[in-house]
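Heads up, the thing below is written out as structure tokens.
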Amino acid sequence: MMCPMKRFWLLLAVLFGLSALAQNSKPFAFAGASLNFQWIDGIGLTGLLLQGGAYNLLGDATLRGSIGLGLSPTNYFELGLDVLVPLDRNRFTPYAGAGLGFVNFTGTSFLGLRGIVGADYTVNSDIGLIGEVAPVLYLVNGGTAFGIQLRFGVNKLF
Numbered sequence: 017m018m019c020p021m022k023r024f025w026l027l028l029a030v031l032f033g034l035s036a037l038a039q040n041s042k043p044f045a046f047a048g049a050s051l052n053f054q055w056i057d058g059i060g061l062t063g064l065l066l067q068g069g070a071y072n073l074l075g076d077a078t079l080r081g082s083i084g085l086g087l088s089p090t091n092y093f094e095l096g097l098d099v100l101v102p103l104d105r106n107r108f109t110p111y112a113g114a115g116l117g118f119v120n121f122t123g124t125s126f127l128g129l130r131g132i133v134g135a136d137y138t139v140n141s142d143i144g145l146i147g148e149v150a151p152v153l154y155l156v157n158g159g160t161a162f163g164i165q166l167r168f169g170v171n172k173l174f
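Positions 17 to 174 (our numbering) are the ones given, in order, by the sequence shown.
So this is what it looks like as structure tokens:
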């Protein structure tokens, strides 16, 4: 049986921790959509990405996953997983990161390694706008291809 003084300190620690969580209004997750403009070896593709992720998973890092469908000029399918690190913590937050992407179009599969530079602008406590550029090195059919992505989107913060 725990002595009354230990119970008091344990209860005080739990209440302090809960009050700290209640005061932290910073969102911990997001879900959203982005327009994605990309070029792979000179071929231009436009698509819609659905994205979601969580903040502060690996220290300050954000983990983001995405799934996309091509709109023009051809249909394509895309999957992505990125780690993003904020360079500042304000309403306007620049970030940098890296990720893996998989793109399949015209029967060809591309596995991409990308670097990411972007910014997140928090409109209010629920909405964030993002813009980013990502140079990509694709591995395809035993060779390589170079690509670049431009992404503009909106996230719902939770």
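Ideal Cβ placement from N, Cα and C applies to all residues, glycine included.
The model shown is predicted, which means the values in this text are computed figures rather than measured ones.
Residue of the options minimising C-alpha distance to residue i
i, options, result
"G84", "L61, V99 and R105", "L61"
"I56", "I146, L155 and G169", "L155"
"F121", "L129, L95 and I146", "L95"
"F93", "S82, L103 and V152", "S82"
"T160", "Q67, T124, F44 and L66", "T124"
7 Å Cβ shell around residue i - same chain, five flanking residues per side excluded
i, result
"L87", "T62, G63 and L64"
"L127", "F118, Y154 and L155"
Exposure label - residue i; buried when at least 16 CB within 10 Å
i, result
"D142", "exposed"
"L100", "buried"
"G69", "buried"
Between the CA atoms of residue j and residue i - distance to the nearest angstrom
i, j, result
"D98", "I59", "23 Å"
"D76", "A114", "14 Å"
"Y71", "T78", "4 Å"
"F53", "A112", "19 Å"
Contacts around residue i, its chain only, beta-carbon distance under 6 Å, and the 5 residues preceding and following it disregarded
i, result
"G144", "D136, T138, N171 and L173"
"A150", "R130, I132 and Q165"
Distance cut-off 8 Å: residue i Cβ against heavy atoms of the ligand MN
i, result
"R167", "The ligand MN is not part of this structure, which contains no ligands at all."
### Query
Looking at C-beta atoms only, is the number of pairs between the stretch 101-121 and the stretch 46-53 that lie closer than 8 Å three or more?
Between the stretch 101-121 and the stretch 46-53, the count of C-beta pairs closer than 8 Å stays below three; the two stretches do not touch.
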